[in-house]
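Respectively, the protein sequence lines represent chains A and B. Residues in the first sequence are numbered from 1 upward in steps of one, following the numbering used here. Residues in the second sequence are numbered from 1 upward in steps of one, following the numbering used here. Every residue gets a Cβ at the ideal spot worked out from N, C-alpha and C, and that includes glycine. Since we're looking at a predicted model, the values are computed, not measured.
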Amino acid sequence: MYAPHTERDVEQMLQTIGIASLDELLRVPAEIALKQKLDVVPALPEYLIQRRFAHLAAQNQGVEYRSFLGAGSYRHYVPPAIAALAMRGEFLTAYTPYQAEVSQGYLQAIYEWQTYICLLTGMDLADASVYDGATALAEAAIMALGASGRRKVLVSRAIHPNYRAVLRTYCDGLDVEVDEVAFARGGVTDYRLAAEMLATKEYAAIAIQSPNFLGNVEEPSSDLTQAASASGTIPIGVVAEALALAALAPPAAWGAQIVAGEAQSFGVAMAYGGPYVGFIAATEEHMRRIPGRLVGKTVDNAGRTAYVLTLQAREQHIRRERATSNICTNQAHCALIATIYLALLGKTGLRDAAALNLARSRELASAVANVAGIRLPYDAPFFNEFVADVGRPARDVLAGLRANRILGGVDLGRFYPELDSCILMTATELTTTGDIAALAGALKEILRVPAHV
Amino acid sequence: MSEAGAIALIFESGQEGRANRYFEQGKPLENFLPRQLLRDELPLPDNSELDVVRHFTRLSQRTFGIDLGFYPLGSCTMKYNPRVNDAIATRPEFAELHPYTPDDLAQGALAVMYELERSLSSLFGMAAFSLNPSAGAHAELGALLIAKKYFKERGETSRDKVIVPDTAHGTNPASAAMCGFKVISMPSNERGRVSVAEIRKVVGADTAVCMMTNPNTLGLFEEEIAAIAAVVHEAGGLMYYDGANANAIMGYTRPGDMGFDLMHLNTHKTFTIPHGGGGAGHGPLGVAAHLVDYLPTPVVVREESNFHLDFDRPKSIGPLRSFWSNFAHAVRALAYLYANGSEGLKRVSQLAVLNANYLRVKIAEFLETPYPEICRHEFVASAQRLKKQNGVRALDLAKALLDYGYMAPTMYFPLLVPECLMIEPTETESKETLDAFAEALAKIVQRAHTDPQALFDAPVTTVVGRVDETRAARQPDLRWRP
Ligand SMILES: Cc1ncc(COP(=O)(O)O)c(C=O)c1O
């Protein structure tokens, strides 16, 4: 209870209203009035709430393990200055900046976020955020469907499986078909096959993620981009590890017209899956189809620079059932965190972070590849994660690692039945040489024992 | 609020190489990746940490939040955000937990989700909740996908209409359209409510879902809700409860008891999750027993004393987001439930409704309130008469309030009330605050009669004056360019 009312206040206020009691004020028809006792967690004083959650928190032992988990959620260094700034009450307790005159600070921060996303992706414009990477892909597909009037989209099977699943959920609603193009032996999308599929001229969009879910950097061929352009298909670039954008050529370079991504890597906590922050960036021609809020720069009545929510005729509160999306509340605070992160690191810090991710993941890859019985199936370049084939059910090997207090990575059999002996392993700047040695040592022990047949 | 004058963009300051030493210097990227995969340039500024801290501190000073003052933004439930919730949600055991952590090593997180889910189900009379959706609109989409799938499996594919009252929030029709439904708008009666007679006119064999907000966005309770639900159910349709206004009903009635089959909550409203300048939100999606199998994946289940994430749900509509939930917000919402318990939540609704009615009565002394009766947690006022008399619109009153240090109410929503101001004080505001706000608004209305131009010129104490929205839309400038 965080209400300030004294009993006297309540009495006086009831009197002003001219009603006898609170119950009378809140009365509902008898047939729907609450009859039973509610089964809600018990009320506790604040110090005991903290104790209760300390108890629950202690049961998340996973945070103490050496971890090689990535796959769409990444452990990166977060400078403390971010929390000091983002947790300021002015930012934290504001809402959507409808009243521009008292929201110039947040509006400017979002304008800066839009700019950072444009600079990183090579696109002309970016929105104020969508829920996360998966919904960004779904919203990007909806943009392409609207632009083309077609009823099918094509996605690489090397896109994050959760993103593809969410895309299907959304497309089921629109009675739109989602087809997948396989990845080739090298662990990157089969561009030849994709180009062939595009020749049908049925697809509104083709989506490719880089680095893809297997960690490999995609390099779509010019044949593929030509096929897309010949068939009137909109290329969508998907980004799940945004830090890679600091090193890799932006999706614009291979012809993406829309980029859908996740910016959790920019200072946002892993927090067991959320909140994160999705972004959508696009070329100029897609401006009026972009979903969600957009901040624009303009002037005030005295000609001074000012920022404001703009192009709102795309949005649900104006356009209702003809809006480009239903999104209202977005992920503004996570976008603010990412903006502060990018400002603090700057070009130099981002490059250094990227270089460390590249270095540590290579160190990890060679340590793992040295373990007898392990093979790295792909030789494509990767950013900070890669696939290791352990030659027996990955599930069993991961269980063995867990006994050593190591989270060895993600079991790919969960998403690709044919890869059930494969683990997706991630190393970031926070991975230590000790972590890598511990993992390699444990893998050696586990794989020394012959697998059950 | 800080003084006038633009703050330079972060891109306009800094010097290349003015780097903060978060990391050791990295090797050239060519050491790791073939040249053609690398980007040519990365045109981002290098700023010192001090400059960045000053920049964002100054931006914060140009941002109005609940912590600065009264924020009566109707439909948004801008109540105090207790700091203990943030302290708990940012504990490393929660903040640093990876979503792919095996269930047995994430039992604390799963217990949080389970306790929250069970509490919400009881509090709102639903069989189960999914914590998957990221906000209210996201849950609306999920619920309508459930309805679509449910009818498809029953072979009732001709149910392609979603009914929404004219007072509905824009997300309702927008979500319906994203599921391929046609939207039927239903007029409210002169008492601002949906009548049984009206629902009978629009309901039929093609009705999939009727979406209602109760209390509705005028702050009025739909007393005939049970009869309305019965009409929709008789026709074979489903009832959806938009829970944006749940702060008004806790401990008195439940959507389940009103006859709703599906619902969402905006826990960023009702359960004090900081709105964060526009999100992240959290939108639990509740369903009655016959729809539980369709909930998005994953669902937290309990087996004896262990919890796990269940992905194997053949009838599910599938996931709505990358990972399980806006989990940090689930932590905050549960902490808030612990701070209240069921009796405390009932008290929350009582005082929210008390505050709204008190303010309504005070404001009715000098401003039109089109529905002069007991409201719930919010009410609408209108500047229509002022506009006729002096040309002063709701917008002008809103802008003048900014000069008094208040956030303006929601304007021009719901759409059926001309020159609408929608006012929601919430229970965390004191009588003194409400008195002071009413007094300020009274002065502004007084001024509208004596000096309307002063209101057209407002605000004058803010860092910028009224912003040229037309120019922003006509000449879109959505980013800085090098
Ligand atoms: C009545 C109503 N319904 C739905 C929504 C949408 O909720 P959200 O912004 O969480 O998506 C809102 C909120 O803004 C609302 O006020």
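Original post:
First and last residue of the alpha helix (DSSP H) that includes A/Ala253?
Top reply: As a first step, residue 253 of chain A is located in the first sequence; it is residue number 253 there, counting from the start. Note, A/Ala253: premise wrong, no alpha helix (DSSP H); not H, not E.
**OP:** Can you tell me which of B/Ala288, B/Phe456, B/Pro425 puts its alpha carbon nearest to the alpha carbon of B/Met126?
**Re:** The sequence position of residue 126 of chain B within the second sequence is 126, counting from 1. The shortest C-alpha separation from B/Met126 is found at B/Ala288.
Subject >> As assigned by DSSP and simplified to three states, the class of B/Ser195 >> reply: Numbered from its first residue, the second sequence carries residue 195 of chain B at position 195. Coil at B/Ser195, not helix or strand.
Original post:
Any chance the region 130-147 of chain A sits against the region 314-321 of chain B, with 3 or more Cβ pairs inside 8 angstroms?
Top reply: yes
Original post:
Does the beta carbon of B/Asn189 sit closer than 9 angstroms to a beta carbon anywhere in chain A?
Top reply: One-based indexing of the second sequence puts residue 189 of chain B at position 189. Closer than 9 angstroms: no.
Subject >> Cβ neighbour criterion (16 or more within 10 Å) applied to B/Thr484 >> reply: The shown model of chain B, from 1 to 482, leaves out residue 484 of chain B, and the question about it has no answer.
Original post:
Is it true that the region 383-402 of chain B meets the region 441-452 of chain B, where meeting means three or more beta-carbon pairs spaced less than 8 angstroms apart?
Top reply: yes
**OP:** Tell me B/Ile423's beta-bridge partners as DSSP assigns them.
**Re:** As a working mapping, residue 423 of chain B is identified with position 423 in the second sequence. B/Leu73, B/Phe379, per the DSSP bridge assignment.
Original post:
What do you get for A/Leu48, buried or exposed, if any count of 16 or more other CB atoms within 10 angstroms of its CB means buried?
Top reply: On the first sequence, residue 48 of chain A is found 48 positions in, with the first residue counted as 1. So A/Leu48 ends up on the exposed side.
Original post:
In whole angstroms, what separates the C-alpha of B/Ile10 from that of B/Pro45?
Top reply: As a working note, residue 10 of chain B is residue 10 in the second sequence. As a working note, residue 45 of chain B is residue 45 in the second sequence. If I take the Cα positions, the gap works out to 7 angstroms.
**OP:** Give the residues of chain B in contact with A/Arg351, contact being defined as C-beta atoms less than 8 angstroms apart.
**Re:** Indexing the first sequence from 1 puts residue 351 of chain A at position 351. Those are Gly26, Leu29, Leu42, listed as they occur along chain B.
Subject >> Three-way DSSP call (helix, strand, coil) for B/Ala244 in this model >> reply: Indexing the second sequence from 1 puts residue 244 of chain B at position 244. Note: B/Ala244 maps to coil in three-state DSSP.
Original post:
Closer than 9 angstroms, CB to CB, is B/His268 near chain A or not?
Top reply: On the second sequence, position 268 is the one that residue 268 of chain B refers to. It does: the Cβ of B/His268 has a partner Cβ on chain A nearer than 9 angstroms.
Subject >> Nearest residue (CA-CA) to B/Ala352, options B/Ser185, B/Ala128, B/Cys76, B/Thr461 >> reply: Start at 1 with the first residue of the second sequence, and residue 352 of chain B comes out as number 352. Checked all of B/Ser185, B/Ala128, B/Cys76, B/Thr461; the closest Cα to B/Ala352 is B/Cys76.
Subject >> Sub-9 angstroms separation of B/Val162 and B/Phe181 beta-carbons >> reply: Looking up residue 162 of chain B in the second sequence gives position 162. Looking up residue 181 of chain B in the second sequence gives position 181. Taking 9 angstroms as the Cβ cut-off, B/Val162 and B/Phe181 qualify as a contacting pair.
Subject >> Interface positions of the region 46-61 of chain A facing chain B (Cβ-Cβ less than 9 angstroms), listed along the chain >> reply: Glu46, Leu48, Ile49, Gln50, Arg52, Phe53, Ala54, His55, Leu56, Ala57, Ala58, Gln59, Asn60, Gln61
Original post:
Applying a beta-carbon distance threshold of less than 9 angstroms, which residues of chain A neighbour B/Glu16?
Top reply: The sequence position of residue 16 of chain B within the second sequence is 16, counting from 1. The contacting residues are Gly346, Lys347, Thr348.
Subject >> Rounded C-alpha distance that separates B/Met1 from A/Ser265 >> reply: Numbered from its first residue, the second sequence carries residue 1 of chain B at position 1. Numbered from its first residue, the first sequence carries residue 265 of chain A at position 265. At B/Met1, the pLDDT of 43 sits below 50, so the modelled position is not reliable; the number obtained from the coordinates is stated separately. When rounded, the distance between both Cα atoms is 32 angstroms.
Original post:
For a contact meaning CB atoms closer than 7 angstroms, what does A/Thr305 contact in chain B?
Top reply: Here residue 305 of chain A corresponds to residue number 305 of the first sequence, with the count starting at 1. What A/Thr305 touches in chain B: Ala6.
Subject >> Same chain, Cβ closer than 7 angstroms to A/Gln257, five either side skipped, listed in chain order >> reply: Stepping through the first sequence from its first residue, residue 257 of chain A is reached at position 257. Excluding sequence neighbours, A/Gln257 sits near Ile234, Pro235, Ala282, Thr283, His286.
Subject >> B/Arg159 versus A/Ala84 - alpha carbon distance >> reply: Residue mapping note: residue 159 of chain B aligns to position 159 of the second sequence, counting from 1. Residue mapping note: residue 84 of chain A aligns to position 84 of the first sequence, counting from 1. Each residue's Cα considered, the two are about 52 angstroms apart.
**OP:** Rounded to whole angstroms, what's the CA-CA distance from A/Gly232 to B/Pro102? Just pull it up for me.
**Re:** By one-based count along the first sequence, residue 232 of chain A stands at place 232. By one-based count along the second sequence, residue 102 of chain B stands at place 102. Each residue's Cα considered, the two are about 43 angstroms apart.
Subject >> Rounded separation between A/Gly409 and B/Asp86 - CA only >> reply: Counting from one through the first sequence, the residue named residue 409 of chain A turns up at place 409. Counting from one through the second sequence, the residue named residue 86 of chain B turns up at place 86. A/Gly409 and B/Asp86: Cα-Cα distance of roughly 30 angstroms.
Subject >> Classification of A/Asp127 by the beta-carbon crowding that lies within 10 angstroms, buried from 16 upward >> reply: As a working mapping, residue 127 of chain A is identified with position 127 in the first sequence. Buried, by the Cβ-count rule.
Original post:
Are there 16 or more other CB atoms within 10 angstroms of the CB of A/Ala394, so buried, or fewer, so exposed?
Top reply: Numbered from 1 along the first sequence, position 394 holds the residue referred to as residue 394 of chain A. Buried: at least 16 other Cβ atoms inside 10 Å.
Subject >> Partner residues on chain A for B/Tyr404, Cβ-Cβ distance less than 7 angstroms >> reply: The residue you call residue 404 of chain B lines up with position 404 of the second sequence. In chain order: nothing, as chain A lies at least about 11 angstroms away.
Original post:
So, does the CB of B/Glu93 fall closer than 9 angstroms to a CB anywhere in chain A?
Top reply: Within the second sequence, the letter at position 93 stands for residue 93 of chain B. Yes, B/Glu93 lies at the interface with chain A (some Cβ there is under 9 angstroms from its Cβ).
Subject >> Reference B/Asn245, options B/Pro425, B/Phe151, B/Glu343, B/Asp293, closest by Cα >> reply: If you number the second sequence from 1, residue 245 of chain B lands on position 245. Ranking B/Pro425, B/Phe151, B/Glu343, B/Asp293 by Cα distance to B/Asn245 puts B/Pro425 first.
Subject >> For A/Asp179: DSSP bridge partner residues >> reply: Counting from one through the first sequence, the residue named residue 179 of chain A turns up at place 179. A/Asp179 is bridged to A/Leu154.
**OP:** Note down, in chain order, each residue of its chain lying with its Cβ closer than 7 angstroms to the Cβ of A/Arg392, except the 5 sequence neighbours on either side.
**Re:** By one-based count along the first sequence, residue 392 of chain A stands at place 392. If we look at A/Arg392 and ignore the five residues flanking it on each side, its Cβ neighbours are Ser421, Ala451.
Subject >> Reference A/Glu218; option with closest CA among A/Ala240, A/Ala205, A/Met197, A/Lys201 >> reply: For this step, residue 218 of chain A is matched to residue 218 along the first sequence. A/Glu218 has its Cα closest to that of A/Ala240, out of A/Ala240, A/Ala205, A/Met197, A/Lys201.
**OP:** Give the secondary structure of A/Arg319 by DSSP, where H, G and I count as helix, E and B as strand, and everything else as coil.
**Re:** What you label residue 319 of chain A is simply residue 319 of the first sequence in a count that begins at 1. Note: A/Arg319 maps to helix in three-state DSSP.
**OP:** Could you confirm whether any beta carbon from chain A is found closer than 9 angstroms to the beta carbon of B/Pro102?
**Re:** Taking the first residue of the second sequence as 1, we reach residue 102 of chain B at position 102. Yes, B/Pro102 counts as interfacial toward chain A.
**OP:** Say whether chain B places a C-beta atom closer than 9 angstroms to the C-beta of A/Ala147.
**Re:** Here residue 147 of chain A corresponds to residue number 147 of the first sequence, with the count starting at 1. It does not: the Cβ of A/Ala147 has no partner Cβ on chain B nearer than 9 angstroms.
Original post:
Which value, in whole angstroms, describes the spacing of the CA atoms of A/Val371 and A/Val397?
Top reply: Reading the first sequence from its first residue, position 371 is the one you call residue 371 of chain A. Reading the first sequence from its first residue, position 397 is the one you call residue 397 of chain A. Answer to the nearest angstrom: the Cα atoms are 13 angstroms apart.
**OP:** Could you check which residue in B/Glu96, B/Leu295, B/Val112, B/Leu42 has the C-alpha nearest to that of A/Leu56?
**Re:** Stepping through the first sequence from its first residue, residue 56 of chain A is reached at position 56. Of the candidates B/Glu96, B/Leu295, B/Val112, B/Leu42, the one whose C-alpha sits nearest the C-alpha of A/Leu56 is B/Val112.
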